[in-house]
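Chains A and B supply the protein sequences, listed in that same order.
Positions in the first sequence are counted from 1; adding 479 to them yields the working numbering.
Positions in the second sequence are counted from 1; adding 479 to them yields the working numbering.
We put the beta carbon where it would ideally sit given N, CA and C, even for glycine.
Owing to the predicted nature of the structure, the values given are computational and were not obtained by experimental measurement.
Number of protein chains: 2
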Amino acid sequence: MDASTETVAGGETGGGTWKFPANKPLRLESGATLSPLEVAYKTYGRLNEAKTNAVLICHALTGDQHAGSVNPVTGRPGWWDSVIGPGLPLDPERYFIIATNVVGGCMGSTGPASTNPKTGQPYGLAFPVITIADMVRAQAMLIEALGIDTLFAVVGGSMGGMQVLQWAADYPQKLFSAVCVAAAPRHSAQNIAFHEVGRQAIMADPDWRGGAYESQGVRPEKGLAVARMAAHITYLSEPALQRKFGRELQRDGLSWGFDADFQVESYLRHQGTSFVDRFDANSYLYITRALDYFDLAAQHGGVLAQAFQTARAVRFCVLSFSSDWLYPTAESRDIVRALNAAGCRASFAEIETDKGHDAFFLDEPQLDATLRGFFASTAQARGL
Amino acid sequence: MDASTETVAGGETGGGTWKFPANKPLRLESGATLSPLEVAYKTYGRLNEAKTNAVLICHALTGDQHAGSVNPVTGRPGWWDSVIGPGLPLDPERYFIIATNVVGGCMGSTGPASTNPKTGQPYGLAFPVITIADMVRAQAMLIEALGIDTLFAVVGGSMGGMQVLQWAADYPQKLFSAVCVAAAPRHSAQNIAFHEVGRQAIMADPDWRGGAYESQGVRPEKGLAVARMAAHITYLSEPALQRKFGRELQRDGLSWGFDADFQVESYLRHQGTSFVDRFDANSYLYITRALDYFDLAAQHGGVLAQAFQTARAVRFCVLSFSSDWLYPTAESRDIVRALNAAGCRASFAEIETDKGHDAFFLDEPQLDATLRGFFASTAQARGL
């Protein structure tokens, strides 16, 4: 039905960029529309004949569609290659796995670096503010374009988990199951505060140019690096930082200056500088804004359970990590309580780890086992 | 013995800037010396004839000597006016209270904004890296200059608490008691990480000019504001932020843009912008560095108890706050364990509050009661 620059390949791995025609704009929660809309995606495995084995993967703040295969920008393994792959919980032999880049992103889906059709220049701050619901709506358009009525599962961690919850609220009839890892039903004051620090760091960089840096041939690299450094601390637990780095020095003795004396400083600096090679500063502004605006209960009269009233047929799995202080277990419990109150079937596990929030894409045996168990029993129920 | 621009006033409040002559340099832990040395200080109350009622107040990262009276720069009450004052735990009627500005600071003591005698220009990055022990050594020089042999108490919270511990390690014979509030015996990897974010934010600001901004008529205000915002989040607990701000909006409805939509954003921005009016960016670099270098056990063969071996006669009071995640209670317990192992007398209390690290200068009834009790019994023992 819609033009695609690259159709799903016949082989194990496919994808491309789905270009929706002008008569298929993305209607945004703000009231604005976004057109033309492009959604970059990647697929692993084959859709079965009954079209019952499709799994949608939703990525976190700085993730992308390269969930299960080498990222062409960084040359590094896909961000969820501990979960997607032969013999792993999401095996392409069994499932047709689809990962998209969120709208607002910078890896091929329409975002602030895309060309604004009104000006012929990159959108910059003329890009409309988008929400988690908008990201999900764009994904739903792609799923429909791919001819899929029902997803076997929608799965994601962190911001990806919020998309999963939004899917359950907005398209429950399209879901057989939903897996929400290390997420929250809304952004807390502390979550917003950390994001605001990052945004201010970007906007303080004179090379940001009011968001118009793309057309002026500069990039707010220093500001974006600082934003990433601040955020990165929130992804790790204090004990993990202590275990990994403690007060270990880079060299023998202190520098008595402002070089990176401590290994943790060097590590953080590296996190900052390597991030700017792969991420767009305006995308960072827009996606953090979408996260801050996220409050699923507020969309449903202030009652979270209302969000799940029509999702009783969906099989939920909610997972949290004991040392995650960004989206602590208590917030996953809020989700589970609401699911229970709505009469949904939900399994919940708090996974014991000292690795903090980022545990969701690290090699975490208990996560692996839990996902395996959930997908195995759910696949059986689906007749896969 | 030494020249002072302003001698201690006869009245209730005194102070000034003590200028040490060239033959009294500050010998630094790095091996460098700092000369001329000036120490800005403020006093409340009168020294008794026996010189037994002197209390030294040590300030936190961004504090100063104006602990108990209006700060002339901000026009706001002293940072510890909940503790120092008539009828309060440290009553100037009873005690001679001395508060100094740390060396490296920007409120009158020698710091990176002071004139480098070698160049006639502000030091900038030519200022030597200083440590908590250096701050304490400068204080000890002032105390000696004021003719005081023994302090009734040395008292401080946060970085001030670290100075208290350093006093006990370096000058135990000069202390009758020591009160360490919301501190730690060393900076953790997470502590260092947050400071490094702040330093990188400052150094990323083009107006920082490699530290030479003073002589170039600019100031890295945006970078310093971002540094303050990031740090400020660590001073508050997540529950306090949630209780105080939650997801409350500044105006009716969302802006669908990057204005401060949420009250917590506006609050943080205000913390950043108001901070740059009163604080120097290079001082921020140097003082955070001093904190990161702090590791009292490492100064004593890796055994914290060794630091307190000569402090058995000192009466210690160690206090922590239950919701402090910057210097959590566990770190105060480490201090207490080491004091016990060294055979020191130490009382310890964890104060229940959801206000986080900053509780140490908020109106906290349990803190007030604990300090009152400790000072009352200790004053009795001292015959005051």
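- When DSSP states are grouped into helix, strand and coil, residue 597(A) belongs to the coil group.
- Between residue 509(B) and chain A, the shortest Cβ-Cβ separation is below 8 Å.
- Looking at the DSSP output, residue 767(B) sits in no beta bridge, so it has no partner there.
- Taking CB atoms only, residue 645(A) has no neighbour in chain B less than 8 Å away.
- Fully enclosed beta strand (DSSP E) runs of no fewer than 3 residues occupy 632–636 and 656–660 of the segment 598–682 of chain B, in order along the chain.
- Residues of the segment 731–755 of chain B with a C-beta atom less than 8 Å from some C-beta of chain A are 733, 735, 736, 737, 739, 740, 741, 743, 744, 747, 748 and 751, listed in chain order.
- Between the segment 510–530 of chain A and the segment 557–574 of chain A there are three or more C-beta pairs closer than 8 Å, enough to call the two in contact.
- Taking all protein chains in view, the Cβ of residue 547(A) is crowded by 16 or more other Cβ atoms within 10 Å, so the residue is classified as buried.
- Scanning 551(B), 617(B), 756(B) and 634(B) for the CA closest to the CA of residue 840(B) turns up 634(B).
- Where residue 712(A) is concerned, the enclosing alpha helix (DSSP H) starts and stops at 700–714.
- Around the Cβ of residue 781(A), a 10 Å sphere holds fewer than 16 other Cβ atoms; the residue is exposed.
- Going by DSSP, residue 854(B) is part of the alpha helix (DSSP H) stretching over 844–861.
- Of the residues 750(A), 678(A), 697(A) and 691(A), the one whose Cα lies closest to the Cα of residue 701(B) is 678(A).
- Burial is judged here by how many other beta carbons sit within 10 angstroms of a residue's own beta carbon; residue 600(B) has fewer than 16 and is exposed.
- Per DSSP, the unbroken alpha helix (DSSP H) holding residue 723(A) starts and ends at 717–723.
- Here residue 582(A) is actually not in contact with residue 540(A); their C-beta atoms are around 14 Å apart, not less than 8 Å.
- Per DSSP, the beta bridge partners of residue 799(B) are 829(B).
- For residue 555(B), no chain A residue has a Cβ inside 7 Å of its Cβ, as the nearest lies near 23 Å away.
- Comparing alpha carbon positions, the residue from 617(A), 586(A), 833(A) and 725(A) closest to residue 650(A) is 617(A).
- The segment 601–615 of chain B and the segment 761–772 of chain B touch, with no fewer than 3 CB-CB distances between them shorter than 8 Å.
- For residue 685(B), the closest Cβ of chain A is nearer than 8 Å.
- Using a 10 angstroms sphere on the CB of residue 732(B), the tally of other CB atoms stays under 16, which defines it as exposed.
- No Cβ of chain A is located within less than 8 Å of the beta carbon of residue 588(B).
- Around residue 506(B), the same chain offers 512 as residues with beta carbons nearer than 6 Å, after the five sequence neighbours per side are excluded.
- Think of a sphere of 9 Å around the beta carbon of residue 665(B): the chain A residues whose beta carbon falls inside it are 726, in chain order.
- A contact between stretches requires three or more CB pairs, one per stretch, nearer than 8 Å, and the segment 739–752 of chain A meets this requirement with the segment 712–728 of chain A.
- Taking all protein chains in view, the Cβ of residue 579(A) is crowded by 16 or more other Cβ atoms within 10 Å, so the residue is classified as buried.
- Taking residue 848(B) as reference, the option from 770(B), 828(B) and 710(B) with the minimal CA-CA separation is 828(B).
- Proximity of chain A to residue 698(B) at the Cβ level (cut-off 7 Å) is not reached, the minimal Cβ distance being about 13 Å.
- Sequence-distant Cβ neighbours of residue 851(A) in its own chain, meaning closer than 8 Å and more than five residues away, are 568.
- As DSSP reads the structure, residue 528(A) sits in no beta bridge.
- Take the alpha-carbon of residue 612(A) and the one of residue 778(A): they are about 10 Å apart.
- In the three-state reduction of the DSSP assignment, residue 839(A) falls in the helix class, which pools H, G and I.
- Burial is judged here by how many other beta carbons sit within 10 angstroms of a residue's own beta carbon; residue 669(A) has at least 16 and is buried.
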